[in-house]
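So the structure is just underneath, and the comments pick up after that.
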Amino acid sequence: MTERLPTGMGAPVKLEQVTKRYGSVVAVNGVSLEIPGQKMVTLLGPSGCGKTTTLRIIAGLESISAGRIFIGDREVTHQPASQRPITMVFQSYALFPHLNVFENVAYGLRNLRVSQAEIRTAVSEALALVGLAGLEGRLPSQLSGGQQQRVALARALVMRPQVLLLDEPLSNLDAKLRKQVRQELRALQQRLGITGIYVTHDQSEALAVSDVIVVMRDGVVQQVGTPEELYTRPANAFVARFIGDANLVEADVRGGQVWVKGYQVPDPPGHKAGGRRTLMIRPEAISIRPAGETAAGATGDPGAGTGLPGRVIDSFYQGMSAEYLVDTDAGQLMVIDTHLDGPVLPPGTPVTLTFAPRGMYLLPEGEGADLAAAAS
Amino acid sequence: MSVHTVTHPSAVPATVHGRVGTPFWWALLILVGGLALPWSRQGVNVLAYDAARTGLWLLGQAWPVVTALVLAAALLFLGRQPLPSRTSGRVMLGLSTLGMALTVAQLFMRGEPFGLGAVVVFLGFLSIAGISLSYSGWLRVEPFAGAAILWLAVFIGVFILYPLGTMLATSVWVRGEFTLDVFRQTLRSPTFFLFENPWTEVSERRLAQWVGLAAGFAALAVQLVAHRRELGRHALRIAAWTLVSAACGYSLSALYTGFGALRNSVLLALSVGLVSTALGLSFALLAQRSRFPIRSLMGPFSTLSMITPPFVLGLAMIYMFGRQGLITNRLLGMNTTAFYGPLGVGVAQVLAFTPLAYLVLTGVVRSLDPAMEEAAQTLRASRWRLFHTVTWPLLRPGVANAFLLCVIESLADFGNPLILGGGVPFLPTEVFFAIEGRFNQNEAAVYGVILLFMTVGVFLLQHYWLRKASYVTVTGKPSSGHPSPLPGALEYPMVTAFVLWTLLGIMLYASVFSGSFVKLWGFNNTFTLEHYEALRTSGLGVFLDTARLAAIAAVPSALVGFLIAYVVGRLNFPGRSLLEFTSMLSFAVPGTVMGIGYVLAFNSGPLRLTGTELIIILAFVFRNMPVGIRSGLAALQQIDRSLEEASTTLRASNLTTLRRILFPLLVPAVISGLMFSFVRAMTAISQVIFLVTPSTNLATVLILSWVGHGSIGRGAALSCVLIAAMAVVVLLLNVVLHRTGRNAGRAITY
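Going down the list, the sequences are from chains A and B.
For the first sequence, our numbering begins at 305 and goes up steadily by one.
For the second sequence, our numbering begins at 110 and goes up steadily by one.
In structure tokens form, the structure reads like this:
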């Protein structure tokens, strides 16, 4: 009857049309998701997008207004949190302040009435796993933030959950530690083969730890995909801007060719149905050179000589690269010049911009941005 | 809901198999208790054993007993499963409800006061009903929570709502007939309120009308000037202000020129509220923003006022300002009774309630973020503008809160008006005199109802109106930065007030202390220990009895308080807001009202309790329960909910979470709840004065009667013993809390 399982048993999670309302506010709006087993899936979005609510719904800490939830092949919609095969790492860690490290980790096993001997082995295994062996007798208040975080993780892992839920687990750590812990977290999840569902608002964290990212906004799923898919082929303007930086410009598609204000763009990926469309260009995919100069070196630009004319409004020296804000007919564009081989171009310099195909994507029809807003 | 049938929301997972369900044990308890213990009793000893009234004896003669025990046997069978289905949950719910009904029926048919057996049987069925409510799926909480909710509902219903309801009923039912005559007579009696005084030439009514009119016009004028730019938009506001001012003017004039208990109580409450709040605010500001060591002095004072029986200051007032008073008679050579009556009562109450206002306001003043004032200053606000636009609006809800609290306390205060009233009627004392002097229960009930409606009205005002208006949330987090110092023009008068107040307080306490060592204060001031020696024969036993009853009552007060705080603060179920409202309401019930309610409600029939020690304990419990609720809610607020959620996701049931996570973290709060309940019970007077009998006397009542019969010295001696004992308890509490608190405090803020 215990829910402890051998490793490699991470179960898939399925949400069907899950909706959560608080009075008239819809926090989660008809979310359907299939989260594959043994993968690390991130729910990503700005604050208030419903990602934490979705996680708590999976945990059973929030009731839902409509929809169904499955873990593995079992429906758990009406199961209370204490019966679901999940454990959770809380943003605040929620370590029990009056119990020492050992008792914190043993807490769940005691609730399952596991024998004392088994508890002892399981707890020391779990603590060894997170590198905290020897700290069993400490109180949470005697641990550093990073150690507290690991205790919270050990406490969740010792239960051998089918699904491990992580609610912004790194947000209370400093930047350096965050990077290290997220790698460890990723390695552990893969080694133990559990399903991880990870909530964060930090896109770089999401890109680093996830197999799959679910981007949410206003309680609605915007796109589900691998980090690469989201970065190179965003489903809409919101995703394009949320994952990395993006310039969105209006483009005319005529006979399979894409034009931005008289500049024929080298063949970008994306479905090329005709008409007015929105083109996404990553700032680092734009080459910048002073107007009149020919393309510097072999940048692989087939359309060398042509390009989008503009004028530098602002420039920021960044050491290895330079960042420019350039005013063009297509709006203000952000440009990152990563192979800085001359002086930084001062504001006012007339320039020519050319786009590289690998950093461009033609957004699906009807998913374009409000370009008036984008241009400002 | 219909999709899954596998589990119900309440089951504890994993290894409950092989164990027996909780209803089984309750059913077993019913069977054993119902057979072996007496269902009813004859005397005042609730725990008395009487073989002829046990279930075993009654089996042949009382069908409800037989049926109830058969039902218990059925529940024993049904309850053996650890995880019963919804259907069997519903069956169990039906059987246990029937069982409760049969128990009540048996008590009514027998007509005698209940016995221990009936209590055990009833509570057993109640628990099974609560557990089954959860099994049945109708109440989506865990079994333990279902039982807890039903227990609380029954206790609050029987010991708070039922007595108050009985009092209401007594005020309108005379000898089995509905009548408003008692109300009419009471409201018209000059003791209650005399408006038009026939002995004066002016018409008080006419005068009040003029004053009301004048107040209305004045308010109208002020409002018109203030809103002259946008009259249209503020029309409603202007009209409301005008009407309210006119009404206030009329009633204040009527009260001022009138006579009677209503007038005295209301004017007293308003003035005491104003003065105590003003002093409390001054002291709070001084404590936070002055170089004078006010804070270290205010601590002992608020403790002292908490452990002082409410009328001891009244006693001290007699010593200092009475006919033979040290100051009035010895120093000034007067033979005055000026301090008997509203003035003396008012001074005693201001001394008693200022610490209360201080405690409320010091939290508000402390939570004023200095950064806000600094921000306003950087935005070029002058000091006066800063106060007018930032500080005062933020303080206002807290000030109103303190004012209303003091008004409630003053309205409900019984001891001071009784000792210092000097024959002037007040509402709480009229409740007492109606029943003890005029032997008119109905009139007492009417006074009780009026008093209750007034305090509850003020409480509702405070609770709902102010909660919306409050901007300051007390986080317990001290803000950084230095608050701006007080202007000298404000600081010096405040310090003077504080010094005077402190001197008066010290003098009064000292006078009680020395009064207990002299033969007869004012007449024969030779040193003697005779009062303390006299205590050995008559006072000590009562004092120990009081301590015993207060200690017994402290445990359930704290536990029930905490359970309510948990259920209201952390669980979600239909009827939660009702439970919250009723338990909050008990904050506002004056002790006298509760006392009269208990006397009327538990005087006859199956629930007869008068004359028992149990009724005193119950009066303590349900009067002090709010203390437990308040400290429970405050402590729960300090505990992050994610701790409980973490526990839940680690497969813990609510009960396990409560036991292993919440309770250990709440220990300091529980201890202080226990101690405060004890202290409050020791110093209580108003709710128990009707309930004591010669065999169950209490220290406070004894002091009061000694003072009333002229044995002031002995009263002072017992008061000193009481205060000293309480001081020891509070000191012990501080030591204990300091010890456990250091751990818990560190743990909670890790």
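For every residue, glycine included, the Cβ atom is placed at its ideal position computed from N, Cα and C.
Checklist entry - Distance, Cα to Cα, residue 177 of chain B vs residue 140 of chain B? => result 9 Å
Item to check | residue 401 of chain A at chain B interface by Cβ criterion, 8 Å | outcome: yes
Next on the checklist: Please list, in chain order, the residues of the segment 356-389 of chain A that have any C-beta partner in chain B closer than 7 Å.
Outcome noted: Of all residues in the segment 356-389 of chain A, only 363, 365, 379, 381, 382, 383, 384, 385, 386 and 387 come within less than 7 Å of chain B when Cβ atoms are compared, listed by chain position.
Item to check | Within 8 Å, strictly: CB atoms of residue 265 of chain B and residue 691 of chain B | outcome: yes
Checklist entry - If you run the structure through DSSP and keep just helix, strand and coil, what is residue 522 of chain B? => result coil
Next on the checklist: At the level of alpha carbons, what is the spacing between residue 338 of chain A and residue 523 of chain A?
Outcome noted: 16 Å
Next on the checklist: For residue 366 of chain A and residue 485 of chain A, I'd like the C-alpha separation in whole angstroms.
Outcome noted: 28 Å
Item to check | Extent of the continuous beta strand (DSSP E) to which residue 754 of chain B belongs | outcome: Element bounds for residue 754 of chain B: not the beta strand (DSSP E) but the alpha helix (DSSP H), 750-758.
Item to check | Interface partners of residue 412 of chain A on chain B, CB under 7 Å | outcome: The contacting residues are 759 and 760.
Next on the checklist: Suppose you measure from the CA of residue 548 of chain B to the CA of residue 636 of chain B; what does that come to, to the nearest Å?
Outcome noted: 42 Å
Item to check | For residue 386 of chain A and residue 761 of chain B, believed in contact at Cβ under 8 Å, the rounded distance | outcome: Going by Cβ atoms, the distance from residue 761 of chain B to residue 386 of chain A rounds to 6 Å, so yes, they are a contact pair.
Item to check | For residue 376 of chain A and residue 754 of chain B, the rounded distance between their alpha carbons | outcome: 23 Å
Item to check | Other residues of its chain near residue 634 of chain A: CB distance less than 6 Å, five sequence neighbours each side excluded | outcome: These residues qualify, in order along the chain: 553, 564 and 565.
Checklist entry - Given a limit of 7 Å on CB to CB distance, which residues of the segment 534-565 of chain A reach chain B? => result none
Next on the checklist: Can you check whether the C-beta of residue 426 of chain A is within less than 8 Å of a C-beta belonging to chain B?
Outcome noted: no
Next on the checklist: Which residue marks the beginning of the beta strand (DSSP E) containing residue 614 of chain A, and which one marks its end?
Outcome noted: From DSSP, the beta strand (DSSP E) with residue 614 of chain A extends over 612-621.
Checklist entry - In this structure, what does DSSP give as the bridge partners for residue 551 of chain A? => result A:585
Checklist entry - If you measure from the beta carbon of residue 715 of chain B to each beta carbon in chain A, is any gap under 8 Å? => result With respect to chain A, the C-beta atom of residue 715 of chain B has no partner C-beta closer than 8 Å.
Item to check | Proximity to residue 129 of chain B [Cα-Cα], best of B:174, B:164, B:160 and B:191 | outcome: For the options B:174, B:164, B:160 and B:191, the alpha carbon positioned closest to that of residue 129 of chain B is the one of B:191.
Next on the checklist: List, in chain order, every chain A residue whose beta-carbon is nearer than 7 Å to that of residue 752 of chain B.
Outcome noted: 398 and 400
Next on the checklist: I'd like to know whether the C-beta atoms of residue 516 of chain A and residue 530 of chain A end up nearer to each other than 8 Å.
Outcome noted: yes
Item to check | Proximal chain B residues relative to residue 664 of chain A, where beta-carbon distance stays under 7 Å | outcome: Per Cβ cutoff of 7 Å: no residues; residue 664 of chain A is ~44 Å from chain B at best.
Item to check | CB contact check: residue 857 of chain B to chain A, cutoff 8 Å | outcome: No answer about residue 857 of chain B holds up, because its pLDDT of 34 lies below 50 and its placement is not dependable.
Checklist entry - What whole-angstrom Cβ distance do residue 427 of chain A and residue 409 of chain A have, given they're in contact under 8 Å? => result Correct: roughly 5 Å between the Cβ atoms.
Next on the checklist: Measuring straight from C-alpha to C-alpha, what distance separates residue 122 of chain B and residue 416 of chain A?
Outcome noted: Low per-residue confidence applies at residue 122 of chain B: pLDDT is 39, beneath 50, and the placement is therefore not dependable enough to give any value.
Checklist entry - Quick one: is residue 755 of chain B near chain A, going by C-beta distance under 8 Å? => result Chain A, which has a Cβ nearer than 8 Å to the Cβ of residue 755 of chain B, makes this yes.
Next on the checklist: According to DSSP, residue 480 of chain A sits in a beta bridge with which residue or residues?
Outcome noted: None, per the DSSP bridge assignment.
Checklist entry - Alpha carbon to alpha carbon, what distance is there between residue 846 of chain B and residue 398 of chain A? => result 24 Å
Checklist entry - Comparing the C-beta of residue 774 of chain B with each C-beta of chain A, is any distance below 8 Å? => result yes
Item to check | Simplified DSSP assignment, three categories, for residue 338 of chain A | outcome: strand
Checklist entry - Beta-carbon separation of residue 347 of chain A and residue 538 of chain A under 8 Å? => result no
Item to check | DSSP three-state assignment for residue 308 of chain B, whether helix, strand or coil | outcome: coil
Checklist entry - DSSP beta-bridge partners for residue 594 of chain A? => result A:655
Checklist entry - From the beta carbon of residue 394 of chain A, is the nearest beta carbon of chain B less than 8 Å away? => result yes
Item to check | Reference residue 261 of chain B; option with closest CA among B:685, B:661 and B:514 | outcome: B:685
Next on the checklist: Give me the residue from A:518, A:617, A:413 and A:480 with the minimum Cα distance to residue 651 of chain A.
Outcome noted: Cα-wise, what sits closest to residue 651 of chain A is A:617.
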